[in-house]
Each structure stands twice: as structure tokens, then as C-alpha cells.
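A short worksheet on the structure shown next.
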Amino acid sequence: MATKSSSSRNARMLLFIPAIFLVALAIVFLKSFEFGPRDVLPSALVGKPFPEFSYSELHNGQQLTRSDLIGEPRLVNVWASWCVACGVEHPILLEIATSGVSIVGLNYKDEPDTARQWLLERGNPYDFNIVDREGLLGIELGVTGAPETFVLDEHGTIVDKHVGLISEATWETFKSQYFSS
Amino acid sequence: MIPEFAHFLTCVAFVCTVVLTLAGFYTGKTQQVSGINICRSVASLQFVVLLMSFGLLMYSFLTDDFSVLYVSQNSTVELPWYYKFSATWGAHEGSFLFWTVVTAGWTFLVALKTKSLSMDMGGYVLGVMGAVNTGFLAYLLTASNPFLRLVPSVPDSGADLNVILQDIGLIIHPPMLSIGYVGFSVAFAFAIAALLTGRIDATWARWSRPWTHAAWAFLTVGIALGSWWAYYELGWGGWWFWDPAENASFMPWLAGTALIHSLSVTEKRGAFKSWTVLLAILAFGLSLTGGFLIRSGVLTSVHAFAIDPERGLFLLAILVTLMVPALVLFAVRASTLKSRIQYAGVSRELLLLLNNALLVFALVNVLIFTIYPLIHEWISGGELTSIGPPYFNAVFVPVMLFLTACLAITPIVRWKRTPLKLLKNALILLGLSVAFVILVGLVLSDQFVIGALLVAGLALWVIVVHIKEVIRRRTSMSLGITGMFTAHIGFAVAVIGIAITTGYTSSTEERMRVGDTVELNDRTYEFLNIEDIRGPNYIGQMGTFKVGDIYVYPERREYLTRQTITTEAGIDGRITRDLFIALGEPLPDGSWGVRIQEKPLVRWIWLGAFIMALGGILAVMDARYRKLQRRYLQAKFHSDDALPSSALATS
Numbered sequence: 001m002a003t004k005s006s007s008s009r010n011a012r013m014l015l016f017i018p019a020i021f022l023v024a025l026a027i028v029f030l031k032s033f034e035f036g037p038r039d040v041l042p043s044a045l046v047g048k049p050f051p052e053f054s055y056s057e058l059h060n061g062q063q064l065t066r067s068d069l070i071g072e073p074r075l076v077n078v079w080a081s082w083c084v085a086c087g088v089e090h091p092i093l094l095e096i097a098t099s100g101v102s103i104v105g106l107n108y109k110d111e112p113d114t115a116r117q118w119l120l121e122r123g124n125p126y127d128f129n130i131v132d133r134e135g136l137l138g139i140e141l142g143v144t145g146a147p148e149t150f151v152l153d154e155h156g157t158i159v160d161k162h163v164g165l166i167s168e169a170t171w172e173t174f175k176s177q178y179f180s181s
Numbered sequence: 182m183i184p185e186f187a188h189f190l191t192c193v194a195f196v197c198t199v200v201l202t203l204a205g206f207y208t209g210k211t212q213q214v215s216g217i218n219i220c221r222s223v224a225s226l227q228f229v230v231l232l233m234s235f236g237l238l239m240y241s242f243l244t245d246d247f248s249v250l251y252v253s254q255n256s257t258v259e260l261p262w263y264y265k266f267s268a269t270w271g272a273h274e275g276s277f278l279f280w281t282v283v284t285a286g287w288t289f290l291v292a293l294k295t296k297s298l299s300m301d302m303g304g305y306v307l308g309v310m311g312a313v314n315t316g317f318l319a320y321l322l323t324a325s326n327p328f329l330r331l332v333p334s335v336p337d338s339g340a341d342l343n344v345i346l347q348d349i350g351l352i353i354h355p356p357m358l359s360i361g362y363v364g365f366s367v368a369f370a371f372a373i374a375a376l377l378t379g380r381i382d383a384t385w386a387r388w389s390r391p392w393t394h395a396a397w398a399f400l401t402v403g404i405a406l407g408s409w410w411a412y413y414e415l416g417w418g419g420w421w422f423w424d425p426a427e428n429a430s431f432m433p434w435l436a437g438t439a440l441i442h443s444l445s446v447t448e449k450r451g452a453f454k455s456w457t458v459l460l461a462i463l464a465f466g467l468s469l470t471g472g473f474l475i476r477s478g479v480l481t482s483v484h485a486f487a488i489d490p491e492r493g494l495f496l497l498a499i500l501v502t503l504m505v506p507a508l509v510l511f512a513v514r515a516s517t518l519k520s521r522i523q524y525a526g527v528s529r530e531l532l533l534l535l536n537n538a539l540l541v542f543a544l545v546n547v548l549i550f551t552i553y554p555l556i557h558e559w560i561s562g563g564e565l566t567s568i569g570p571p572y573f574n575a576v577f578v579p580v581m582l583f584l585t586a587c588l589a590i591t592p593i594v595r596w597k598r599t600p601l602k603l604l605k606n607a608l609i610l611l612g613l614s615v616a617f618v619i620l621v622g623l624v625l626s627d628q629f630v631i632g633a634l635l636v637a638g639l640a641l642w643v644i645v646v647h648i649k650e651v652i653r654r655r656t657s658m659s660l661g662i663t664g665m666f667t668a669h670i671g672f673a674v675a676v677i678g679i680a681i682t683t684g685y686t687s688s689t690e691e692r693m694r695v696g697d698t699v700e701l702n703d704r705t706y707e708f709l710n711i712e713d714i715r716g717p718n719y720i721g722q723m724g725t726f727k728v729g730d731i732y733v734y735p736e737r738r739e740y741l742t743r744q745t746i747t748t749e750a751g752i753d754g755r756i757t758r759d760l761f762i763a764l765g766e767p768l769p770d771g772s773w774g775v776r777i778q779e780k781p782l783v784r785w786i787w788l789g790a791f792i793m794a795l796g797g798i799l800a801v802m803d804a805r806y807r808k809l810q811r812r813y814l815q816a817k818f819h820s821d822d823a824l825p826s827s828a829l830a831t832s
């Protein structure tokens, strides 16, 4: 009798296997969040110098090259007037610019006229704007869409990258990591 | 005002689901008539308000109301109206609203049918359905609201719909999948109700079956459409990639297929009871897991959209709060279920046991392979990996072959025991089928791929045996049996398509200039010209290829707002073969990368899937289920006692 009841208890414990399996699965899923979503993997360009380029400036048409990005740490913000999210991001860029950080715009696949109008209406946080009409520099940078923001150190080396809107939190992290001095 | 009103309607629906959950469980416990009446009313109200809310979101899309954030992110002025229409469910928030509408729809249908259910069973079923949609709506209202406004600065136009969703296949693929996923919630609710009432018998199985068949049929169509879309849109000529999103829809399908078969044993032989209940819980649990995997972004996928970890966390919470109590309830109650079954020689019981074992084995493998990258990442501390098709195929091909072989003898195998003579006759047919396919292969092609021909022969055997049985039975076939035969033949058709396409596809990749010709498999492909094209929201190039007297037009499109390039393969599709041409990148010297494939019988894969779904629908319409309702109502009329299940089980 005793063996029979213990074997049936064992059989009953087996019925808990699905529940235990589910809990294990949930833990694996939970753990995977620590590694973040896959699409914000840092760019392959982190640690590499910003690519060479030669494009005109949005307002004065002056020729810009890589050397214009050297000298102090700064943000390079990829934007366009057709990009709705860029409009949402705009106020925080103005705020960052007011705090004295240099932001360079990469006007991406845009009409210069509409782009200038867009800045006129909303205010201009950019020190200067690189006009990348064909999106060729964007390809070299691995830009997948706008907005996207690169952090450059004083030697013009890419040290970080953010895909999508810059939030207060993202900026706080960037500020403490790269713009504290 | 309209988005706010729609938002308000979803809040009303949320209140409805809470009331439904409470009233449902109360009715289950106390069997009060007033309780079930409340359930029916709120179930109907819930469906109506959600439908209206969804309609209003659609209205915002059609009228270009870009003040709504979701509209501005997924539409643009130039988007054709039918894509504005489908964009309503094209991205995360809207597709989730659609989920809640579908859940409410299934709940509504169940509520209509509860008259034939005993009071406690009906109450619990509706209560569980209510709890499911409470979770979904709580998520929608807090973390995934499609009615948020973009104020004060309203843009003139939006960011456009994700371009890969701008396609007819993807207008209907996601809703089909959703209807299938959520449809398994009915089987789930029935399983929980059965555990709570302790009644798992033939009657219960019969109530669950049509709902399971219906959900399974929708899921089958959804998966087939997804595969078809990947085939012509991704431009690789493949039709299944073992991609996490595909696996996410495939796992509930495998569980659902096993459930359909195990339900039949529970109904006819009173066996597999706890197993059937477990499968019903798993089928829905895997649907939720699938939803979680795709939307949380923990796995990369060609189909991934709307990636947001916070949302993923909420979905995980829904999964855990619904499934942990369900599985614990199962563990506590299942041991009280007794099923006696004896296997004597080759019988239907044995065959169905094999079917379940094989499907669940396949399911566990797909699940482990799919989440393996997550486990690997954890162990190695962030290093990503992925498991390629070879691993999946190594397990899957043998399992499916074995399953196909089992399928062939299903029409002739009896319950309990089968006369061996019948099996011997079937084996002769196997020999004939394989010989026939090999002969056809030798006549029609210079290649000889013995593996593909053997598999196709095996599948042909399935079809032959089924058709022979149809002829034998003539008119004495119920819709249920017809549905089963149809689904089995559909499966065999798909297997033939898979075997021949895999074994006999010829393919080449060439650099071609206008005027060049390429020879492939006795056909000459001539690149006639390339021209610029302009669509409503894209620009691109269209090539013209001449193959004999057939013209094929592959395209390469650049969508302006989203800055995305897509490949629209040019396909000349016949039932016997597809000629597939995809344009790659233009090369600096003016030539183009061109991929050309000839894929024999590829269409059979999707055709087979649609035949399977048709079989599911036929089985739903079986008069047996309606008769059951009528009888039950009569029985209830004569005595108010619990259900006379023994009388029903023998019918």
C-alpha cells in the first residue's frame, strides 16, 4: 500500500511539470530584457573616426568636411523636415543647445528650402547643418532612419549612438558620460 | 473628439470585461440564471463598443487625422485608401486593439451558444473569456493606447505605413493570425471550466471541438499567407525561414493540431482526458507566448514590428497571470481524471497517440530552438547567436515523414483493432504510388532527386488511400469526416509541394545588362528593358524579362517617406511551376544583379494549407454539433438536472 500511494504521489508531482516549465520560460524572457531590444545595438562605427565627407552647409552653402567636427565633444543629429518624430524631438535639442553643447545637424534626404523653413519655424539648435541630399553619408554612417544621434569626442571619433528620439533620460546619460567636463 | 470618444468606448469595454469575469465565475459557482443573463448582456455590449472603437480608429486613418499619434506614425496623405484602411491594424497599437475586438467577438459567439451549456460550465467559460480580455484591455489602455493625440503641433502628413506592410498579403495575414491565436482562448476557457467543474467527458469534448477547428483553420490560413508573402516580397525565393515570428505562429498551430486529434479520442473513447486539457491550455499559452516574442523584441525577426521592452514586460505579465493559475489548476485537478485505454495492435487510438507524440515532440523542439538564443545570451553574458534552418530541418523532416506515413492509414484503421488484411492492401498502394511518382519524375526532368520523389510518393499514397475510402463510403460521410479527409489531403498536397520544390528548384544569380540572356533549365531568360516607375508613395524601377512567350516584371521600389527599398519579385505562377525573378542592386557598370529561379509545384504548399483550412471549416459545420445543442435543450426541458452526458456520448 505504501509504495502505491507514494508512486501515485510521484505521478501527481509530474503534473506540475508544465507549470514549472512555464515559470522557467518566464524567467528566461525576463532575463533577456536585461540585454535590451536588438535594434539598439551600438553602431559598428563606435570607436571609429567619423567618415570623411565634403558637403555644403544648409544656410551659407560653405563646404564642410570632417575637420569641422574636430575640437570639442558634440552631438551629430540626423534629421529631416519630412520626419514627424524629429519635430517631437526638437524641443529637447533646443534645450541641449542652450546648455552650451554643440549640436551639428545632418539634414538627411531633404529639400533644403523646406528644411530651412522648418528650422525658421521651430528654432535652430544646430551650430551648422551638413546637407546630405542623397543620403550617401547616411549610408556610410549606417543610418536606418531619422532621427538618429551620434556622440563624437573632441578628436571627431564616434563614441556612442542613439536610434530614435532622444529622451530626457538618454540625454542625462550622454551628458554624464561624455559632456561632464 | 472622435479619438477621445473611441478611447472612452474602450474604457467601457474594459468595465464590461471586469463585470463579465466576476459574473461568469459567480454563475459558475452558484448557477444563478440572473448571473448568466448578465454575462450574455455584457459580452454583447463589450463586442459592440470595441467594434465601434475600432471603426472610429479606421475613420481617423481614412480622414488623415494626423493629430492622432498612431495615425501620424503609420500613414501619410499619399498612402492609397486601402492601405489607410489596413494600417488600422498594421502596427502595434492598432493590431492590439484588433486583438481585443477579436477576443470580444469570440466571447460574443460563445455567449450566443451558452444556452446549450450547463449553467456552471457556461458561467466559467464566459468568466475565463472575460478575464482574458480584461488583461488585453488593461494593457491597451495603459501601455498601448492607439488614441493618443499629437498636440499641439499637428503634422501635415505622417511617417507612412511600414512599407513591407503595404501589400495585399499583409492586409489579411495579421488579422487571420490574430483570429486564430485568440480563437484558441475558447478552447482554453473550456478547459479551465472543465477543470473547475470536474466534468471532462464526451459532451465537453464535443463542445470544444468546433471552436478548436475554427481557430485552427484561421491560424492555418494566416500562416500560409505569411509564408506566401515572405516568398514574393522578401525576394529570396524561400517560403519558410524558421524565423522567430514564423515559429511563434507555428507553435500554437502544432499544439492546436495535436489538440484537434486528442479531442477526438476524448470524445469517442473517453481517453486522453488530462492530456487534452493540457493541450488546450498550451495552444492558447503558446499563442500568447508568440504575441510576446514578436512584440517584445527579445528576438530579432524579419517580421518584427513595434519593439518596446516595457510593452514586452506587460505582455509577459499577462502570459504569467493567465497561464500559471491555469497550469497549477491543471496539476491539482488532473490527477482526479481517470481515463482507461487499451492499445490492441494497430488501432486509431494508437495512431492518434503517435500523432500527438510526434506533434508535441516537434513543438518542443521548435520552442527550444527558438528561445535557445536567449538562453545562450544569458549564459555567455550578452553574446548573440541564432539557430539556422539545418537544426530545425534535422528534427522536423523525419518527424513530418513519420506523421505523413501515419496519416496514410488513418482512413482504414478502426477504433480498438484493425484487420491486418486492410493494412496489407494499403501497403500495395504505397508501392504503386511511389513507383508512379518516380516514373513521372524520370519522364519530366533530367534530374533525379530520389529523396524528393520518395517523400512525394509517400504523400501521394495518403491522397490515394483517402480517395479510395471516399469512393467506398460514397454518400455515407458526415461533414466531420469529410472535413478530416479534406484536411489530410491538404496536408499531403503541401508535403508534395515542399518535397518537389526543395528537391527540384533550379536557381541562378547573374549580372545582367539590358539585352543579355541567361539559360536555366531549358528556358531562355531575356532581359528586355528597365524603366523608371512612380507609384503613389514610391519611385522605382521595373524590369521586363521575356521567357519564351511569357513576360515577367520584377520591381525594385524606393518608398519616399520611410526611405526604404523593397524588392517585388516578378513571378509567373502556374500550378505546375513558378518562374521567379528578383531584381537586386544596380551595379556601377550599369548591369543589375538578377536572381532567377524555377520552382516546380511551389504553389502546392499554400494550396495544401488552404485545403487544410477548408477541411477545418467543413468540420465546424458538421450537423452533429447542432444536433447536440437541440438534444441538450430538449433534455433540459424535461429535467432541470445536470447534463445527461451518457445518453449523448452514445449518439
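Going line by line, the protein sequences match chains C and Z. Each residue of the first sequence is one higher than the last, beginning at 1 in the numbering used here. Each residue of the second sequence is one higher than the last, beginning at 182 in the numbering used here. Every residue, glycine too, gets a C-beta built ideally from N, C-alpha and C. Please read these numbers as outputs of a predicted model, since none were measured by experiment.
Each of Z:V199, Z:M239, Z:K210 was checked against the Cα of V223 of chain Z, and the nearest Cα belongs to Z:V199.
Taking the Cα positions, A507 of chain Z is about 35 angstroms away from A675 of chain Z. Against E427 of chain Z, chain C offers no close residue; the least beta-carbon distance is about 17 angstroms (beta-carbon pairs closer than 7 angstroms). DSSP places Y240 of chain Z within a helical segment (H, G or I) once states are collapsed to three. Contact annotation: in the stretch 447 to 478 of chain Z, residues whose CB is within less than 8 angstroms of a CB in chain C are S455, L459, I462, L463, G466, T470, F473, S477, G478.
Under a criterion of Cβ atoms nearer than 8 angstroms, no residue of chain Z is adjacent to S99 of chain C; the nearest Cβ is some 23 angstroms distant. Chain C places no beta carbon closer than 9 angstroms to that of I720 of chain Z, leaving this residue out of the contacts. Neighbours of K161 of chain C in chain Z, taken as residues whose beta carbon is under 9 angstroms from its own, are absent, since the nearest beta carbon is some 17 angstroms off. When the Cα atoms are used, E148 of chain C and F189 of chain Z turn out to be separated by approximately 35 angstroms.
Residues of the stretch 393 to 424 of chain Z with a C-beta atom less than 7 angstroms from some C-beta of chain C do not occur.
By the C-beta density criterion, Q177 of chain C is exposed, having fewer than 16 other C-beta atoms within 10 angstroms.
Within the stretch 355 to 377 of chain Z, no residue places its CB atom closer than 7 angstroms to a CB of chain C. DSSP places M793 of chain Z in the helix class (H, G or I) of the three-state scheme. Cβ-Cβ separation between F666 of chain Z and V651 of chain Z: approximately 6 angstroms, consistent with a contact (criterion under 8 angstroms). Counting only residues of its own chain and dropping the five nearest sequence neighbours on each side, H155 of chain C has a CB closer than 8 angstroms to the CB of P49, I70. Of all alpha-carbon atoms in Z:E707, Z:I746, Z:D730, the one lying nearest the alpha-carbon of G721 of chain Z is that of Z:I746. Within the stretch 684 to 753 of chain Z, the runs of beta strand (DSSP E) at least 3 residues long that lie entirely inside it are, in chain order, 687 to 693, 698 to 701, 704 to 715, 719 to 728, 731 to 733, 736 to 740, 745 to 749. The C-beta of S54 of chain C has fewer than 16 other C-beta atoms within 10 Å across all chains shown, which makes the residue exposed.
Non-local C-beta neighbours of S234 of chain Z in its own chain, meaning closer than 6 angstroms and more than five positions away in sequence, comprise A187, L190, T191, ordered along the chain. Relative to the Cα of V229 of chain Z, the nearest Cα in the group Z:V578, Z:S248, Z:Y264, Z:V283 belongs to Z:V283.
D348 of chain Z sits close to W410 of chain Z, with the two beta carbons spaced by under 9 angstroms.
Of the candidates Z:A543, Z:V501, Z:W642, the residue whose Cα lies closest to the Cα of Y572 of chain Z is Z:A543.
With contacts defined by Cβ atoms closer than 9 angstroms, V733 of chain Z and R704 of chain Z do not form a contacting pair. L660 of chain Z sits close to A800 of chain Z, with the two beta carbons spaced by under 9 angstroms. For V249 of chain Z, not one C-beta of chain C is nearer than 9 angstroms to its own C-beta. In the structure shown, the three-state DSSP call for Y251 of chain Z is helix. Per DSSP, reduced to three states, the secondary structure at K449 of chain Z is helical. For L467 of chain Z and L346 of chain Z, the gap between their C-alpha atoms comes out near 24 angstroms. If only uninterrupted alpha helix (DSSP H) runs of at least 4 residues are considered, those enclosed by the stretch 270 to 341 of chain Z are 273 to 294, 300 to 324. Scanning chain Z for C-beta atoms nearer than 7 angstroms to the C-beta of R12 of chain C yields S516, reported in chain order.
Of the residues C:E172, C:L106, C:S180, C:F128, the one whose Cα lies closest to the Cα of E134 of chain C is C:L106. For F511 of chain Z, the nearest beta carbon of chain C is closer than 9 angstroms to its own beta carbon.
Looking only at C:F21, C:I130, C:N77, C:D110, the smallest Cα-Cα distance to V501 of chain Z is reached by C:F21.
G684 of chain Z and V630 of chain Z have their C-alpha atoms spaced approximately 6 angstroms apart.
If you compare the alpha carbons of Z:R450, Z:A285, Z:W787, Z:A794 with that of Y412 of chain Z, the shortest gap goes to Z:W787.
If the five residues before and after V615 of chain Z are omitted, its C-beta is found closer than 6 angstroms to the C-beta atoms of G638, all from its own chain and listed in chain order.
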